[in-house]
Each structure stands twice: as C-alpha cells, then as structure tokens.
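And the structure:
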C-alpha cells in the first residue's frame, strides 16, 4: 500500500501523527524505521522544516522526540477545533448584550474561531435561532413561519432579526417621550396654575 500518498490527505497535524502511528503499529516498525518513514512522509513546509532542522541532537532523536517537536511547531499553525468550541456558541447569552448587533458580532467572532469541519450550517442556524427564541419567542416563530430557514444563510437570518430589532427601537423612540416632555406631578401643578392664572 502507498502509505506516503495516503498520508498526504491528512492536513491536521494531530490526526496526521495519529494515522502515522497506526500504520507504524500495524507494520511493526522499530523506532529507527518509524523515524525514517516519518521524515520521508513529510511534504510542503513540513519537509522544509525537516531538512532545515539544525540541532546537534536531531540525529539521535527518537520517533517520540520527533513527534513532540513536530507537534510543537505545527499544532500552533493549524488550530484544532474541539467540541467545547461549539459550547462557546451555545453558552452565549443574548440578554448580556446591549443590543442585537453586539450579540451578532460576538456570535460571528466565536463562530470564526471554530474549524468549519466540526459543524454544519444548519447546526449553527439552529444554535442562533435558540438564542433569538430565548429573547423573543413570538418574533422568532413569526420569522420561521414567514421564511424558509433551510435556504437562508446565517447572515440573512441575522439581517432579518436585526431589521425587526431596528424597527422596534424606532417605534419605541417614537412612542416614548423625550425626557424634556416627561412631566412630574410638580410640573403638572405648575402648568395647571399657569392655566388658572391666565
């Protein structure tokens, strides 16, 4: 079997090492052979890294030492998303934000940190809709009835909710008198007095 070509398909360094160790175990490679194949299977920047490593001890590295050195370098470059990253989205609380726009920005910011191989678009839309439902169930239900959520992108859904929020803010502003217009009982008495005097 052409293991070298098979290994090229693994872009995640932790997964690559895991698969490589599985092959080495199945083949029963001794440490020296495992180390030699490890170096031979390197491609692209990892191959350049192997060639350019200039430590006096590198000739005597065991496979485990090579593995640790490799992961130390490449784990930082390729972020590995874990299940808890999705929980970071689920743990968001819309009520802790001043407005929907701020919540949306934080939701997107956290989403961008998650490797997109760990979720589907529908999972993320469902997650977002749970949050909107927790804030305003009737608005969420109305938007779900009026739109085919399956064909809408997350961005479009966010814009629909943002438009609703902006509209409510506008209506609230029109209905709520400014602080100058709000009259205290004392002001009302003064006005009554003025009318009586006039």
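Numbering (the working numbering), first residue to last: 761 to 958.
Glycine included, C-beta positions come from ideal geometry on N, C-alpha and C.
Neighbourhood of residue i by C-beta, 7 Å cutoff - its chain only, sequence neighbours within 5 removed
{"i": "residue 789", "result": "797"}
{"i": "residue 893", "result": "900"}
{"i": "residue 802", "result": "810"}
{"i": "residue 879", "result": "846"}
8 Å Cβ cutoff met for residue i and residue j
{"i": "residue 845", "j": "residue 874", "result": "yes"}
{"i": "residue 968", "j": "residue 805", "result": "As displayed, the chain neither begins before 761 nor continues past 958, which places residue 968 out of reach and without an answer."}
{"i": "residue 914", "j": "residue 881", "result": "yes"}
Rounded C-alpha distance that separates residue i from residue j
{"i": "residue 779", "j": "residue 807", "result": "18 Å"}
{"i": "residue 863", "j": "residue 923", "result": "14 Å"}
{"i": "residue 776", "j": "residue 785", "result": "14 Å"}
{"i": "residue 884", "j": "residue 851", "result": "13 Å"}
{"i": "residue 761", "j": "residue 782", "result": "With a pLDDT of 43 at residue 761, under the threshold of 50, the modelled position of this residue cannot be trusted, and the question is left open."}
{"i": "residue 847", "j": "residue 916", "result": "23 Å"}
{"i": "residue 912", "j": "residue 887", "result": "14 Å"}
{"i": "residue 829", "j": "residue 904", "result": "51 Å"}
{"i": "residue 813", "j": "residue 926", "result": "57 Å"}
{"i": "residue 872", "j": "residue 821", "result": "37 Å"}
{"i": "residue 908", "j": "residue 824", "result": "53 Å"}
{"i": "residue 928", "j": "residue 877", "result": "37 Å"}
{"i": "residue 791", "j": "residue 833", "result": "21 Å"}
{"i": "residue 787", "j": "residue 793", "result": "10 Å"}
N- and C-terminal bounds of the alpha helix (DSSP H) containing residue i
{"i": "residue 861", "result": "860-871"}
{"i": "residue 788", "result": "Segment: none, residue 788 is in no alpha helix (DSSP H) and carries neither H nor E."}
{"i": "residue 905", "result": "897-906"}
{"i": "residue 812", "result": "804-812"}
Same chain, Cβ closer than 8 Å to residue i, neighbours up to 5 away in sequence not counted
{"i": "residue 866", "result": "852, 857"}
{"i": "residue 854", "result": "860, 863, 891, 892, 894, 895"}
{"i": "residue 910", "result": "882"}
Cβ-based neighbour list, residue i, same chain, cut-off 6 Å, excluding 5 preceding and 5 following
{"i": "residue 870", "result": "848, 849"}
{"i": "residue 918", "result": "864"}
{"i": "residue 920", "result": "903"}
{"i": "residue 868", "result": "none"}
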